[in-house]
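Chemist: Here it is: the structure, laid out below.
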Amino acid sequence: MSANLSRRAWLKKGLFASGALSLGAALPMNALGTPFKEDDQYIYYGNGLREVKALAVPGWSDLKAKLNANENPYGPSPKALEAFVKQAPEGNYYSWYPLKDLIDKIAEKEGVKAENIMMGPGSSDLLEKTAIVSFIKGGNVVSGDPPYMSLINVAKSMGGEWKPVKLTKDYQHDLDKMEAAIDEDTKIVYVTNPNNPTGTVTDHKALYKFVERVSEKALVFVDEAYIELSDHGIEASMAPLVAQGKNVIVSRTFSKIHGMAGIRVGYVVGLEETLGGIQKITRGGMGITGSSIMAASASMDDSEFLEMSKTKIAEARKYTFDMLDSKGIQYMPSQTNFIIFPIEMEGKAFLNKMYEQKVGVRAFEFWDQNWCRVSMGTIEDMKLFTSAFENTIG
Ligand SMILES: Cc1ncc(COP(=O)(O)O)c(C=O)c1O
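Under this note's numbering, think of the first position of the sequence shown as 24, with each following residue one higher.
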């Protein structure tokens, strides 16, 4: 297969159906459609949510401030880096032993058994694998609106239906309406807390009761990619519900507070039978390198780094909130390493002007409004963002 053959073309050619992947035999006829439409202007996720595409995105090294992917400028921790390099000479071996040790360490931290943990190269891998396995026979996914799209895109590709429920006026998940949206075809109720792209939190005590109740009807997937950065930190996690036998999957990542987005480690906590069902079809852990495993383990122990990371990100957030306040712009109250706020100009023109100044951000449209989402870099990055933003809005 030629390297530049697109995935869509590959699927059209029927290689998938010919058994190129082991999942092929189990897939329904309508599976693996395109989850969203795309043109030169936008990616259309549906339900009025679309992402603006920039005319020309400068190369990574040409950007003065890369604030478009919610990365953490402070990572990886020096201890994680040291562990990463130290493990590299063992690269001729599969990494089962280090992986087992990391799983045990995570299980202990989460107060569950090793069987309740599934690892992946980032949490995207686990969101998508859960969706592949859950939607093989169709069904629907109930989520907030706007949500993080990764799990939903895969669910839609597999033939699943997306049932978005608009966030409340204070940008929390509307738990009552989400519960009402559940029906006999609901395979997953997907909650991201804090949410992306809004950065806002849903009250964790209300969420806990919701998950306790609703997990009797359908699997609840709580994506906690940013939870360590939120005010309550992991105290607000839904992971303890797993030890109580509730059918919830909680995902975490080393990409955000640990600053290891490019090192690729994530995990989920869930019931043994639920994770077992996913791993029968798609193996967990296989995509993580030994170096990444050792870096993740070292980073977990580096509480000084993690505290510094949270503090610095909060400082950048405060700086950006103050700047937006000074202009009377009403941003959403983020507890993450990004902030979304409304822009009163056309999203495409906005994004192009920001990129012309070599400052990378994202622009979305939802709720009939244009929005800019900016990730928290260093204070220096936020100053560059501020001046590019001021030039852009005039
Ligand atoms: C809400 C949310 N979940 C999951 C991810 C996936 O992150 P990763 O695959 O790096 O763990 C992201 C990345 O930005 C995210 O925002």
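Glycine residues also receive a C-beta, built at the ideal position from the N, C-alpha and C atoms.
Going by DSSP, what residues sit across from tyrosine 65 in a beta bridge?
Modeler: Answer by DSSP bridge pairing, in chain order: Val75.
Chemist: Would you give the residue range spanned by the beta strand (DSSP E) that glutamine 392 belongs to?
Modeler: Here the beta strand (DSSP E) through glutamine 392 covers 392-398.
Chemist: As a quick exercise: from Val108, Lys376, Gly134 and Asn93, pick the residue whose alpha carbon is nearest that of tyrosine 171.
Modeler: Per the Cα distances, Asn93.
Chemist: Quick check: the stretch 175-184 against the stretch 333-341, are there 3 or more CB pairs under 8 angstroms?
Modeler: Contact between the stretch 175-184 and the stretch 333-341 is absent, because fewer than three Cβ pairs lie under 8 angstroms.
Chemist: For the alpha helix (DSSP H) that glycine 308 lies in, which residues bound it at each end?
Modeler: From DSSP, glycine 308 is part of no alpha helix (DSSP H); its letter is neither H nor E.
Chemist: What I want to know is whether the C-beta of leucine 230 ends up closer than 7 angstroms to one or more non-hydrogen atoms of ligand 1.
Modeler: No - ligand 1 has no heavy atom lying nearer than 7 angstroms to the Cβ of leucine 230.
Chemist: Can you find the residues in the same chain that come closer than 7 angstroms, C-beta to C-beta, to threonine 276, ignoring five residues on each side of it along the sequence?
Modeler: For threonine 276, where only same-chain residues beyond five positions count, the Cβ hits under 7 angstroms are Gly145, Ser146, Ala248 and Gly289.
Chemist: So what does DSSP say about alanine 49, is it helix, strand or coil?
Modeler: In this prediction, alanine 49 scores a pLDDT of 46, lower than 50, which makes its location untrustworthy; the coordinate-derived value is nonetheless stated afterwards. In this structure, alanine 49 counts as helix in the three-state DSSP scheme.
Chemist: Cβ atoms of alanine 79 and aspartate 404: under 8 angstroms apart, would you say?
Modeler: In this structure, alanine 79 does not lie closer than 8 angstroms to aspartate 404 by Cβ.
Chemist: Measure how close the beta-carbons of serine 322 and methionine 355 come, nearest whole angstrom, since I'm counting them as under 8 angstroms.
Modeler: The Cβ separation is near 29 angstroms, so there is no contact.
Chemist: Please determine, among Val165, Gly82 and Lys279, the residue with the shortest C-alpha to C-alpha distance to glutamate 330.
Modeler: The shortest Cα separation from glutamate 330 among Val165, Gly82 and Lys279 belongs to Lys279.
Chemist: Reducing DSSP to helix, strand and coil, say where threonine 415 ends up.
Modeler: Reduced to three states, the DSSP call for threonine 415 is helix.
Chemist: Following a CB-centred definition, is aspartate 206 positioned closer than 7 angstroms to any heavy atom of ligand 1?
Modeler: Incorrect: aspartate 206 has no Cβ contact closer than 7 angstroms to ligand 1.
Chemist: Please confirm whether any heavy atom of ligand 1 lies closer than 7 angstroms to the CB of threonine 215.
Modeler: True, at least one ligand heavy atom lies under 7 angstroms from that Cβ.
Chemist: Exposed or buried, which one is alanine 48 when buried takes at least 16 other CB atoms within 10 Å?
Modeler: Annotation note: pLDDT 42 at alanine 48 (below 50); position unreliable, coordinate value reported separately. Result: exposed.
Chemist: Would you kindly report the start and end of the unbroken alpha helix (DSSP H) that includes asparagine 375?
Modeler: Here the alpha helix (DSSP H) through asparagine 375 covers 370-379.
Chemist: When we look at the beta-carbon of arginine 236 and count the other beta-carbons within 10 Å, is it buried (16 or more) or exposed?
Modeler: With fewer than 16 Cβ atoms within 10 Å of its Cβ, arginine 236 is classed as exposed.
Chemist: Relative to the C-alpha of valine 291, which candidate in Glu369, Lys132, Asn95 and Lys76 has its C-alpha closest?
Modeler: Checked all of Glu369, Lys132, Asn95 and Lys76; the closest Cα to valine 291 is Lys132.
Chemist: So does asparagine 115 have its beta carbon nearer than 7 angstroms to some heavy atom of ligand 1?
Modeler: No, the beta carbon of asparagine 115 sits no closer than 7 angstroms to any heavy atom of ligand 1.
Chemist: Check whether the stretch 306-314 and the stretch 160-167 are in contact - that is, three or more C-beta pairs closer than 8 angstroms.
Modeler: No, they do not touch.
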